[in-house]
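Trainee: Once you've had a glance at the structure underneath, I'll fire off some questions.
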Amino acid sequence: MLQIEELKVEVGGKTILNNVNMEIPKGETEILFGPNGSGKTSLMMAIMGFSGYNVTHGKIIFKGEDITDMPINERALLGIGVSFQRPPTIKGLKTREIVEICDVNRSADIEELAKKLNFTDFLERDVNHNFSGGEIKRSELLQLMAQQPDLVLLDEPESGVDLESIALVGEAINSLLYRGVKCPQERPHKEKIAGRTKSALVITHTGHILNYITADKGQVLYNGILCCAKNARDILKWIREYGYEECVRCSNEIKSLI
Amino acid sequence: MLKRDKVFDISLEDYKVDAKDHAYVEKLSQIESTDAKQLLDVGVDTAEHDRIGTFIQKDKSVIHCKTRQDGIEIMGISQAQEKHGWLSDYMWKSISPDTDKFTLQAKEKPTEGYFIHALAGVKTKYPVQSCLYIAQDGFSQNVHNIVIAEKDSELHIITGCATAPHLATGLHVGISEFYVKEGAKLVFTMIHDWGKKVNVRPRTVTQVEEGGVIISNYISLRPVGSLQMFPTTHLNGKRAVARFNSVLVASQGSFLDVGSRIVLNAPETRAEIISRGIASGGSIIARGDLVGKVAGIKAHLECKGLILNDGFMQAIPELTAHVPGVEMSHEAAVGKIDQQEIEYLMARGLDKEEAISTIVRGFLNVDIEGLPVGLKKKLDKAISETQRDMM
């Protein structure tokens, strides 16, 4: 689904990402760990093509197509969707209207989706205007549910969300990725997993979201260098025990090889 | 582009004060199609759906006038003067003819205007529509309008001003005196679509009694030569409320100097002025003046502007308090379209141009009370079209 090759990204003339290689296969969810300032959000912004994130080396390939220089909207229409951590407020534009914009195929039942996210009352409010942390998350997920992207990039889905809503947010992510666990199921579990087509890259600082969603793999980004790739829960366990201290050593070692 | 210091002067001698008469039209459907299209664009519904009355003046002639609700009077001002001797208690009582040369012109060379009257306790379910239309080149249309909302009445008026499509020059002088009596409510929405060479000088004063409410919406999206107005509202009775919204677009060659003054003369009165302006090749001076005369009043002014491509934008918010114990505030901003907002919408699938247009539409989207659904849709469409022209 997504392939990143030797990606180097500069922001304001400063190298933020250094030789990042990553692959997210179809149907898989990948967790990206890393302390604040490690470049996680920059990687997401570069994948989406935001201005100010200059790719100076390497390629981003999505669905077999080189999208490194593609405009943002074309990446969106090709099937990449983002949940931003701090999206801007757009005055005068109703949440309902932006959800309609996301729903390119005009096939989403916006009322029903909003109800699921307990967000009906916000449809008539200006996009992100005076929204709390949890409200922003629900607004972003509502937009993604209408967009139905094949690759979802989620930036810190648990940050600023209170305990009550986090389960709701987790459930929304699972349903977005067809990873919901509901019994009884209409199809055998094995078949359901095989039918998964949605991929995701979930950025997390604390790893807390792993209590609510499932993942296939985890990676650690430290100081702009991907320095670890294994089972997401293993990484989390390690980080919980030792923090990101150990990553310093690994990333330095890798850096010396670049 | 016109800067503030460059005085936009108009010689009245350049305009004719007489025009040929136009015949009265019994049915709105009989209005010439070219005229009808212009009327539609400024909110006149020629099928009269959801309207309880109509007044249309072309040049100096009242060409159509009717009311469909008891207790609502609509007629030309000269007819009203004949019918109601007491109208002299209202005419020129709020505005003095010697205010400036335009008021003087309207006094000396009047060319009609409308009289709209809601009797005590009468509430309109749908708006009255009115239109002042200039068809003759070089004509100076000098109207005098009187609106009276008697005690506990509720009156909605949608008024459009327009010109014939190929009019080269014209001058519109509009004297308007509005009276909102005790407990009454007047919602007045004005949509302007003047020509590129037309100069417009409205002079409006509103008096509001105890518990009365005036809501005024002003929308000017199309090119106009020059427009200068500064309507003044006096909140004279306890708990009176005034809300003024304006949405302005100044394209190439347009000069708009638009603002409102609200004087809060009585306790517990409230005032709010909200304006949105986009200068796209043209100039906007957005004024607002709130004057607090007694304690216990509340007033707020919000004035936001955007310059697209090229233009001039000046926000002049003023607050004047004469006593302690007032709550008055203002917020003025001239900004640009945020790149982050554009890219946010692009990440949802819009191309850059669509994203900008969506943000501009949002910027101009002031919640306007009293706008019928059909007109709201039309305005949204007009904003989109204007917006395309700006790009």
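These protein sequences, in sequence, are chains A and B. With my numbering, the residue at position 124 of the first sequence is 124, and numbering never jumps. Every number in my numbering is 1000 more than the matching position in the second sequence, counting from 1. By construction, the Cβ of each residue, glycine as well, lies at the ideal position given by its N, Cα and C atoms. Remember, it's a predicted structure, so these values are computed and weren't measured experimentally.
Can you tell me whether A/GLY134 is helix, strand or coil according to DSSP?
Mentor: Counting from 1 along the first sequence, the entry for residue 134 of chain A is found at position 134. Three-state result, A/GLY134: helix.
Trainee: Measure the C-alpha to C-alpha separation of B/ASP1005 and B/ASN1236 and round it to an integer number of angstroms.
Mentor: Indexing the second sequence from 1 puts residue 1005 of chain B at position 5. Indexing the second sequence from 1 puts residue 1236 of chain B at position 236. Reliability of the predicted coordinates at B/ASP1005 is poor, the pLDDT of 41 falling under 50, and the value obtained from them is presented with this limitation in mind. When rounded, the distance between both Cα atoms is 34 Å.
Trainee: B/ASP1257 and B/ILE1285 look like a contact to me (Cβ under 8 Å); what is the Cβ gap, rounded to whole Å?
Mentor: What you label residue 1257 of chain B is simply residue 257 of the second sequence in a count that begins at 1. What you label residue 1285 of chain B is simply residue 285 of the second sequence in a count that begins at 1. About 4 Å separates the two Cβ atoms, so the contact holds.
Trainee: Given B/ASP1380, which residues of its chain have a CB within under 8 Å of its CB, disregarding the five upstream and five downstream residues?
Mentor: Numbered from its first residue, the second sequence carries residue 1380 of chain B at position 380. Closer than 8 Å at Cβ, skipping near neighbours: ARG1361.
Trainee: Touching or not, the segment 117-136 of chain A and the segment 11-23 of chain A, by the rule of three or more beta carbon pairs under 8 Å?
Mentor: No, because fewer than three Cβ pairs between the segment 117-136 of chain A and the segment 11-23 of chain A fall closer than 8 Å, the two stretches do not touch.
Trainee: Since I believe B/VAL1263 is in contact with B/THR1232 (beta carbons under 8 Å), could you give me their beta-carbon distance rounded to a whole number of angstroms?
Mentor: Your numbering for residue 1232 of chain B matches position 232 in the second sequence. Your numbering for residue 1263 of chain B matches position 263 in the second sequence. Indeed they touch by this definition, with Cβ atoms about 7 Å apart.
Trainee: Residues in its own chain within less than 6 Å of B/ASP1045 by CB, not counting five upstream and five downstream?
Mentor: As a first step, residue 1045 of chain B is located in the second sequence; it is residue number 45 there, counting from the start. Excluding residues within five positions, the ones whose Cβ falls inside 6 Å are ARG1051.
Trainee: Using the C-alpha atoms, what's the distance from B/PHE1255 back to B/MET1001?
Mentor: Here residue 1001 of chain B refers to the residue found at position 1 of the second sequence. Here residue 1255 of chain B refers to the residue found at position 255 of the second sequence. Unreliable positioning characterises B/MET1001 in this predicted model, as indicated by a pLDDT of 49, which lies under 50. The coordinate reading is nonetheless provided below. Their backbone Cα atoms lie some 8 Å apart in a straight line.
Trainee: DSSP has B/GLN1129 in a bridge; who is on the other side?
Mentor: Numbered from 1 along the second sequence, position 129 holds the residue referred to as residue 1129 of chain B. Beta-bridge pairing links B/GLN1129 to B/THR1054 and B/ILE1158.
Trainee: Could you check what DSSP says for B/LYS1020 in three-state terms: helix, strand or coil?
Mentor: Here residue 1020 of chain B is taken as the residue at index 20 of the second sequence, counted from 1. Coil at B/LYS1020, not helix or strand.
Trainee: May I ask you to report which of helix, strand or coil DSSP gives B/ILE1074?
Mentor: Position 74 of the second sequence, counting from 1, holds the residue named residue 1074 of chain B. Correct three-state label for B/ILE1074: strand.
Trainee: What in chain B is Cβ-close to A/CYS250, meaning under 7 Å?
Mentor: Stepping through the first sequence from its first residue, residue 250 of chain A is reached at position 250. By Cβ distance, chain B contributes nothing, its closest Cβ being about 32 Å from A/CYS250, past 7 Å.
Trainee: If I follow the unbroken beta strand (DSSP E) through B/TYR1114, where does it start and stop?
Mentor: Residue 1114 of chain B sits at position 114 when you count from the first residue of the second sequence. Element bounds for B/TYR1114: 1114-1118.
Trainee: Note down, in chain order, each residue of its chain lying with its Cβ closer than 6 Å to the Cβ of B/ILE1297, except the 5 sequence neighbours on either side.
Mentor: In the second sequence, the residue the question calls residue 1297 of chain B occupies position 297. These residues qualify, in order along the chain: LEU1264, THR1269 and VAL1326.
Trainee: Give me the residue from B/HIS1300, B/GLU1073, B/GLU1150 and B/ARG1203 with the minimum Cα distance to B/LEU1104.
Mentor: On the second sequence, residue 1104 of chain B is found 104 positions in, with the first residue counted as 1. The residue with the shortest Cα to Cα distance from B/LEU1104 is B/ARG1203.
Trainee: According to DSSP, simplified to helix, strand and coil, what is A/LYS115?
Mentor: Here residue 115 of chain A refers to the residue found at position 115 when the first sequence is read from its first residue. Helix at A/LYS115.
Trainee: Would A/GLY170 and A/TYR212 qualify as a contact pair, given that the criterion is a beta-carbon distance under 8 Å?
Mentor: The residue you call residue 170 of chain A lines up with position 170 of the first sequence. The residue you call residue 212 of chain A lines up with position 212 of the first sequence. Yes, Cβ-Cβ distance for A/GLY170 and A/TYR212 is below 8 Å.
Trainee: Could you confirm whether any beta carbon from chain A is found closer than 8 Å to the beta carbon of B/ARG1004?
Mentor: Position 4 of the second sequence, counting from 1, holds the residue named residue 1004 of chain B. Residue confidence is low: B/ARG1004 scores 45 on pLDDT, short of 50, so the model does not pin down where it sits. Its coordinate-derived value is still stated next. Judged by the 8 Å Cβ criterion, B/ARG1004 is not in contact with chain A.
Trainee: Just verifying my parser: in three-state terms, what is the DSSP assignment at A/THR120?
Mentor: Your numbering for residue 120 of chain A matches position 120 in the first sequence. Here A/THR120 sits in helix by DSSP.
Trainee: Looking only at C-alpha atoms, which of B/ALA1168, B/THR1159 and B/VAL1147 sits nearest to B/VAL1180?
Mentor: To locate residue 1180 of chain B, count along the second sequence from 1; it is residue 180. Comparing Cα positions, the closest option is B/VAL1147.
Trainee: Does the beta-carbon distance from B/VAL1213 to B/LYS1238 come in below 8 Å?
Mentor: As a first step, residue 1213 of chain B is located in the second sequence; it is residue number 213 there, counting from the start. As a first step, residue 1238 of chain B is located in the second sequence; it is residue number 238 there, counting from the start. It is not a contact, given that the beta carbons lie outside the stated cut-off.
Trainee: For B/LEU1028, which of B/GLU1013, B/GLU1082 and B/GLN1129 has the nearest alpha-carbon?
Mentor: In the second sequence, the residue the question calls residue 1028 of chain B occupies position 28. Answer by Cα proximity: B/GLN1129.
Trainee: Would you grab the beta carbon distance between A/PHE84 and A/ASP162 for me? Rounded to a whole angstrom, and I think it's under 8 Å.
Mentor: Locating residue 84 of chain A in the first sequence gives position 84, counting from the first residue. Locating residue 162 of chain A in the first sequence gives position 162, counting from the first residue. That pair is no contact at about 19 Å.
Trainee: Based on DSSP bridge pairs, tell me the residues matched to A/CYS228.
Mentor: On the first sequence, residue 228 of chain A is found 228 positions in, with the first residue counted as 1. In DSSP, A/CYS228 forms a bridge with A/VAL220.
Trainee: Under 8 Å, Cβ to Cβ, is there at least one residue of chain A near B/GLY1349?
Mentor: For the purposes of this step, residue 1349 of chain B is taken as the residue at position 349 of the second sequence. Yes, B/GLY1349 lies at the interface with chain A (some Cβ there is under 8 Å from its Cβ).
Trainee: Ordered along the chain, which non-local residues of its own chain (more than five positions away) have a Cβ less than 6 Å from that of B/THR1169?
Mentor: Here residue 1169 of chain B corresponds to residue number 169 of the second sequence, with the count starting at 1. Result list for B/THR1169: GLY1138 and LYS1197, in chain order.
Trainee: Identify whether B/LEU1371 lies in helix, strand or coil by the three-state DSSP scheme.
Mentor: By one-based count along the second sequence, residue 1371 of chain B stands at place 371. Three-state result, B/LEU1371: coil.
Trainee: Just checking: is the beta-carbon of A/GLY160 within a distance shorter than 8 Å of some beta-carbon in chain B?
Mentor: The residue labelled residue 160 of chain A in the question sits at position 160 within the first sequence. A/GLY160 does not count as touching chain B.
Trainee: Put A/MET48 into one of helix, strand or coil per three-state DSSP.
Mentor: Position 48 of the first sequence, counted from the start, is the residue given in the question as residue 48 of chain A. A/MET48: helix per DSSP, three-state reduction.
Trainee: Let me know the secondary structure DSSP gives B/ASP1338 once reduced to three states.
Mentor: Along the second sequence, one-based indexing puts residue 1338 of chain B at 338. If DSSP states are grouped into helix, strand and coil, B/ASP1338 belongs with coil.
Trainee: So, with DSSP's three-state summary, where would you put A/ASP234?
Mentor: Counting from 1 along the first sequence, the entry for residue 234 of chain A is found at position 234. Note: A/ASP234 maps to helix in three-state DSSP.
Trainee: Alpha helix (DSSP H) containing A/VAL169: first to last residue?
Mentor: Position 169 of the first sequence, counted from the first residue, corresponds to residue 169 of chain A. First-last of the alpha helix (DSSP H) with A/VAL169: 163-176.
Trainee: Candidates B/SER1153, B/THR1124, B/THR1159 and B/GLU1108: which alpha carbon is nearest B/TYR1133's?
Mentor: If you number the second sequence from 1, residue 1133 of chain B lands on position 133. Nearest option by C-alpha distance: B/THR1159.
Trainee: Which residue or residues does DSSP assign as beta-bridge partners of B/TYR1179?
Mentor: As a working note, residue 1179 of chain B is residue 179 in the second sequence. Bridge partners of B/TYR1179: B/ILE1148 and B/GLN1207.
Trainee: How many angstroms separate the CA atom of B/HIS1166 from the CA atom of B/ASP1193?
Mentor: Locating residue 1166 of chain B in the second sequence gives position 166, where the first residue counts as 1. Locating residue 1193 of chain B in the second sequence gives position 193, where the first residue counts as 1. B/HIS1166 and B/ASP1193: Cα-Cα distance of roughly 13 Å.
Trainee: Taking the alpha carbon of A/GLU6 as the reference point, which residue from A/LEU142, A/GLY58 and A/ASN174 has its own alpha carbon closest?
Mentor: In the first sequence, counting from the first residue as 1, residue 6 of chain A sits at position 6. Considering only alpha carbons, the answer is A/GLY58.
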